[in-house]
Amino acid sequence: RKEVEQDPGPFNVPEGATVAFNCTYSNSASQSFFWYRQDCRKEPKLLMSVYSSGNEDGRFTAQLNRASQYISLLIRDSKLSDSATYLCVGGGYNKLIFGAGTRLAVHP
Amino acid sequence: DTGVSQDPRHKITKRGQNVTFRCDPISEHNRLYWYRQTLGQGPEFLTYFQNEAQLEKSRLLSDRFSAERPKGSFSTLEIQRTEQGDSAMYLCASSAQGSGNTEAFFGQGTRLTVV
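The listed protein sequences correspond, in order, to chains A and B. Heads up, the first sequence stops at 180 in my numbering, and the numbers go up one at a time, no gaps. Heads up, the second sequence stops at 1092 in my numbering, and the numbers go up one at a time, no gaps.
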């Protein structure tokens, strides 16, 4: 079993839709959680950190459920520019473990 | 540019040759990571440095792979006797030491093709 698992998608949604991604992690000792965004043939870029209390950044909301060991990302009012692969990340300062990513395609 | 810098951006090498990649982290970051990524997969952890000390190493890092960070600043990743299966994007990331979530920032990567 992979340490961080995500639905690979693709999620094909129209502009303006709300889409949610979930991710599970197996290491209960994981301390740090993030969502990264990766465009085709580019490096991953930090989208947002994920905190136990949940956090929001504009159209993006991240949640962490430590009891069930899953992380979620909600994107509201999807834009064409949101099309990318979203990588779920968990771990400690010495090792960040990435999921395989969930592909999102937003269409007009 | 004050971000993470990697060199070269692309490398094509013949099977059996040795290659070396360089990473310059963000200057105030003392944590440095190497990852490898193949098509359709997320980045796979290879190794972690805190300052000059290599504190974590994946079992993916076979004896043909070695990484160094001699002065706690830039790092090198060397692959000896390259194989076609080594073809991948090699990503370097750095982060600052601190409490709570410490985000890692990636360089643009070195794309290795072994022919």
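Built from N, CA and C at the ideal position, the CB exists for glycine as well. Remember, it's a predicted structure, so these values are computed and weren't measured experimentally.
Measure the CB-CB distance between B/R1008 and B/E1029 and report whether it falls below 7 Å. Not in contact: B/R1008 and B/E1029 (Cβ atoms no closer than 7 Å).
At what residues does the beta strand (DSSP E) containing A/G163 begin and finish? Looking at the DSSP string, the run of the beta strand (DSSP E) that includes A/G163 is 156-164.
In chain order, what residues of the same chain have a beta carbon less than 7 Å from the beta carbon of A/L118, not counting five sequence neighbours either side? By the criterion of a C-beta distance shorter than 7 Å, A/L118 is surrounded in its chain by F106, Y108, once the five residues flanking it on both sides are discounted.
Taking the C-alpha atoms as reference points, what is the distance between B/T1052 and B/W1011? The sequence given here places Ser at residue 1052 of chain B; Thr does not occur at that position. One C-alpha to the other measures close to 9 Å.
What residues of chain B sit near A/E115, judged by a beta carbon separation below 7 Å? Among the residues of chain B, those whose CB is under 7 Å from the CB of A/E115 are L1068, F1083, G1084, Q1085, G1086, following chain order.
What does DSSP give as the partner residue(s) for B/I1056 in the beta ladder? Per DSSP, B/V996, B/F1042.
Could you tell me which chain A residues have their CB closer than 8 Å to the CB of B/L1032, listed as they occur along the chain? The contact set of B/L1032 on chain A, defined by CB atoms closer than 8 Å, consists of N166 in chain order.
Going by beta carbon distance, what residues of the same chain come within less than 7 Å of B/T1061, once the five residues before and after it are set aside? In the sequence under discussion, the amino acid at residue 1061 of chain B is Gln, which differs from the Thr named in the question. If we look at B/Q1061 and ignore the five residues flanking it on each side, its Cβ neighbours are R992, V1091.
Rounded to whole angstroms, how far is the Cβ of B/R1013 from the Cβ of B/L1023, which I believe are closer than 8 Å? Right, the Cβ-Cβ distance comes to about 6 Å (below 8 Å), so this counts as a contact.
Chain-ordered chain A contacts of B/G1049 [CB-CB under 8 Å]: For B/G1049, there are no neighbours in chain A by C-beta distance under 8 Å, as the nearest C-beta there is about 16 Å away.
Ordered list of beta strand (DSSP E) runs contained in the segment 987-1031 of chain B, each at least 3 residues: Listed in chain order, they are 987-990, 996-1001, 1008-1014, 1021-1027.
Using a Cβ cut-off of 9 Å, pull out every chain B residue sitting near A/F170, in sequence order please. For a Cβ distance threshold of 9 Å, residue set Y1012, Q1014, Q1018, G1019, P1020, E1021, F1022 of chain B lies close to A/F170, ordered along the chain.
Tell me whether the segment 981-997 of chain B and the segment 1015-1022 of chain B touch, counting them as touching only if at least three CB pairs, one residue from each stretch, are closer than 8 Å. Judged by Cβ distances under 8 Å, the segment 981-997 of chain B makes no contact with the segment 1015-1022 of chain B, as fewer than three pairs qualify.
Enclosing beta strand (DSSP E) for B/Q1085 [first to last residue]: Looking at the DSSP string, B/Q1085 is not in any beta strand (DSSP E), and its letter there is neither H nor E.
Is the distance from the Cβ of A/R148 to the Cβ of A/G81 below 7 Å? Cβ distance not < 7 Å, so A/R148 and A/G81 don't count as in contact.
For A/L118, decide whether its Cβ has a neighbour in chain B, counting only Cβ atoms nearer than 7 Å. Chain B, which has a Cβ nearer than 7 Å to the Cβ of A/L118, makes this yes.
Note down, in chain order, every chain A residue with its Cβ under 9 Å from the Cβ of B/R1008. The CB of B/R1008 comes closer than 9 Å to the CB of Y165, N166 in chain A, given here in chain order.
Does the distance from the C-beta atom of A/L159 to that of A/Q110 stay below 7 Å? Judged by beta-carbon spacing, A/Q110 lies within the 7 Å limit of A/L159, meaning their Cβ atoms are closer than that value.
When you compare only the Cα positions, how much space is there between B/S982 and B/D1001? Near 5 Å, if we compare the C-alpha coordinates of B/D1001 and B/S982.
How is the beta strand (DSSP E) around A/P82 delimited, first residue to last? Unbroken run through A/P82: none, as it is neither H nor E.
List, in chain order, every chain B residue whose beta-carbon is nearer than 8 Å to that of A/G126. Within 8 Å Cβ-Cβ: nothing; A/G126 doesn't reach chain B, min ~14 Å.
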